[in-house]
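Q: Before I ask anything, here is the structure I am working with.
Residue numbers (my numbering), protein chains in the order written: chain A, 1291 to 1353; chain B, 18 to 383; chain C, 63 to 228.
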């Protein structure tokens, strides 16, 4: 385990964080625009966030 | 209204107890040693305790302390050890005395080291390599460990809970009663908001049993991990691997022709692209259950590590400020973990349903 | 990754697989199937109840409409009947009037006829009596003044003239 591994993992986590933040922000905008579709948007948001999260975890455990 | 307050109060008490029990566990250990420890020593102890807490164990002990006579006292009960080592060896884990003694079964000697059983000689020597991993051979361990025991108990609990609920329907002309009133909306939610939209009206009924079972199993077991019993089932990679592999097997076994067609010969793209997409799509089918496995495992493990670390700060700081601060933090985090417990169960069920849906989907756009 | 593989416990995997698959199958038989069935049954029941309520509502509307139709028909019939009755009444009255008129006119006619007859008879009688009287007169005249024939004739003629005039 070298330091570079951790830096790489950190980068992936930053990327995943930005991605999930984007998803959350966009979902909120979408909900604000169409409050009646809240349920559907939330579901789609959770799925997308979960997929990105999976990549983040994969990077963490690959270290 | 009164009832609501009582329930809330009880929940809070139970929750506080879960933090306090850990505290008692540790502080008694500290006191028993008599001598004051330095901060570094305490830090090291907490650091060692956390991974230990996350491990599976061969006995069900609620907590342990060192008595005034300097003897380790464990509160709990032993569990059966089942080993396959050129023949079946079954004995109770009390033989190990929590890793302090060597267990003799038949002609073989076994020793417990960091939660794992190693084959050893009569003297109980364990050799370590440079990374401090034991090099002794390991027998195949099919023991009923703490996690297996918990899974059994949760299985029993779920069976009684839901079969009683089912019976209540029969006796009560299809109106839920008692516990069923709480569970029925969740069952209907899984059917109407997870299974139906993701799998489709035509096929969803086949997957309902699995989805419902996996949701309640993960949820209950995650919640149990937050109780003072000190159980951590879903932070074992074997457990989440097992759940993910079942999802994968169901997806593959029930997949329709369209599913395979979209993997091996993606319609609607040029032929050279088809060859490029084939390995990517095939890899994707493995990545999906893999991410399911990692997600559940990592979320629960991370939650436990962070919670334990914050609690450990009480013993490292050992002053009123650090204590109360970390207590508050732990409480907030505990509430977050309650959410995570349900959310992870939901995500696992949801994604499983999504994968099943992609397996039975019928494309009619070409 | 090493840690993940190192932590992997075959025993735990085996037990979890066995227990979980067993749990799914057991729950499927004893819990999920009856629960979902009865929930479905209830939902179908509610759906059916709603549908039948809708049907009943529609039927009620139909019934109301037909009731109204019936009422309208009845009213029309009543009106027609009333009209007929009135007509009949009018006709009867007019008939009766006509008849009465006829009868009276006939009666009057008869009366007039009989009056005429009577009159004629009376006239004839009168004439006869006048003749008789004349004859009597004549007899007396003759008896009394049968002296001149001319006188006699003059007398008769004068009398006759008078009679005719009256």
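For glycine and all other residues, C-beta sits at the position ideal for the given N, C-alpha and C. Since this is a predicted model, take the numbers as computed values, not measurements.
(1) Using a Cβ-Cβ distance cut-off of 9 Å, determine whether residue 326 of chain B contacts chain A.
(2) My guess is that residue 243 of chain B and residue 355 of chain B are in contact by the Cβ rule of under 8 Å, so how many angstroms apart are they, rounded?
(3) Output yes if chain A places a C-beta closer than 9 Å to the C-beta of residue 322 of chain B; else output no.
(4) Just to confirm the assignment, what range does the beta strand (DSSP E) spanning residue 97 of chain B have?
(5) Return the residue from the list B:212, B:188, B:179, B:187 that minimises the CA-CA distance to residue 196 of chain B.
(6) In terms of residue numbering, what span does the alpha helix (DSSP H) encompassing residue 188 of chain B cover?
(7) Quick check on this structure: which residue in B:214, B:212, B:181 has the alpha carbon closest to the alpha carbon of residue 200 of chain B?
(8) Answer yes if the region 325 to 334 of chain B comes into contact with the region 266 to 278 of chain B, meaning at least three C-beta pairs across the two stretches below 8 Å, and no otherwise.
(9) Anyone know if the C-beta pair for residue 133 of chain B and residue 151 of chain B falls short of 9 Å?
(10) For residue 371 of chain B, which residues in the same chain have their Cβ closer than 6 Å to its Cβ, ignoring the five residues on either side in sequence?
(11) Who are the near neighbours of residue 207 of chain B in its chain, counting only those whose CB is closer than 7 Å to its CB and skipping five residues on each side?
(12) Going by other Cβ atoms of all chains shown within 10 Å of its Cβ, with 16 needed for buried, is residue 239 of chain B buried or exposed?
(13) Compare the C-beta of residue 195 of chain B with all C-beta atoms of chain C and state if any pair is closer than 9 Å.
(14) Identify the continuous beta strand (DSSP E) that holds residue 137 of chain B and give its terminal residues.
(15) Using C-beta distances below 6 Å, list every residue in its chain close to residue 47 of chain B, excluding the 5 sequence neighbours before and after it, in chain order.
(16) So what's residue 151 of chain B in DSSP terms, helix, strand or just coil?
(17) If you count every other CB in all the chains shown that lies within 10 Å of the CB of residue 255 of chain B, and 16 or more means buried, which is it?
(18) Using the C-alpha atoms, what's the distance from residue 130 of chain B back to residue 175 of chain B?
(19) Below 9 Å between beta carbons: does that hold for residue 192 of chain C and residue 225 of chain C?
(20) Could you pull the DSSP bridge partners for residue 1335 of chain A from this structure?
(21) Should residue 354 of chain B be flagged as near chain C, meaning a C-beta pair shorter than 9 Å?
(22) Under the assumption that residue 127 of chain B contacts residue 135 of chain B (Cβ atoms under 8 Å), give the Cβ distance between them as a whole number of angstroms.
(23) Count the other CB atoms within 10 Å of the CB of residue 312 of chain B; is the residue buried (16 or more) or exposed (fewer)?
(24) Measure the alpha-carbon distance for residue 1309 of chain A versus residue 1339 of chain A and round it to whole angstroms.
(25) What are the residues that DSSP puts in a beta bridge with residue 92 of chain B?
(26) Which residues in chain C sit within 7 Å of residue 256 of chain B, going by Cβ to Cβ distance?
(27) Spatial neighbours of residue 90 of chain C within its chain, please: C-beta separation below 6 Å, excluding the five flanking residues on both sides.
(28) Is it buried or exposed, residue 1295 of chain A, if we count other Cβ atoms within 10 angstroms and call 16 or more buried?
(29) Run through DSSP, which three-state label would residue 272 of chain B get?
(30) Using 9 Å as the limit for Cβ to Cβ distance, is residue 93 of chain C near chain B?
(31) Can you find the residues in the same chain that come closer than 7 Å, C-beta to C-beta, to residue 200 of chain C, ignoring five residues on each side of it along the sequence?
(32) Shorter than 9 Å from the beta carbon of residue 64 of chain B to some beta carbon of chain C?
(33) Can you say whether residue 101 of chain B is buried or exposed, counting buried as having 16 or more other CB atoms within 10 angstroms of its CB?
(34) Between residue 70 of chain B and residue 247 of chain B, which are expected to be in contact by the criterion C-beta below 8 Å, what is the C-beta distance as a whole number of angstroms?
(35) Hey, does residue 1336 of chain A have any beta-carbon neighbour from chain B nearer than 9 Å?
(36) Taking the Cβ atom as the reference point for each residue, do residue 168 of chain B and residue 70 of chain C lie within a distance shorter than 9 Å?
A: This is what the structure holds:
(1) no
(2) 7 Å
(3) no
(4) 97 to 101
(5) B:179
(6) 163 to 188
(7) B:181
(8) no
(9) yes
(10) 215
(11) 228, 229, 232, 366
(12) buried
(13) no
(14) 133 to 137
(15) For residue 47 of chain B, the predicted structure reports a pLDDT of 49, less than 50, and the residue's modelled location is therefore unreliable. The matter cannot be settled from this model.
(16) strand
(17) buried
(18) 33 Å
(19) yes
(20) Its beta-bridge partners do not exist; DSSP assigns none.
(21) no
(22) 7 Å
(23) buried
(24) 8 Å
(25) B:80
(26) 74, 78
(27) none
(28) exposed
(29) coil
(30) yes
(31) 218
(32) no
(33) exposed
(34) 7 Å
(35) yes
(36) no
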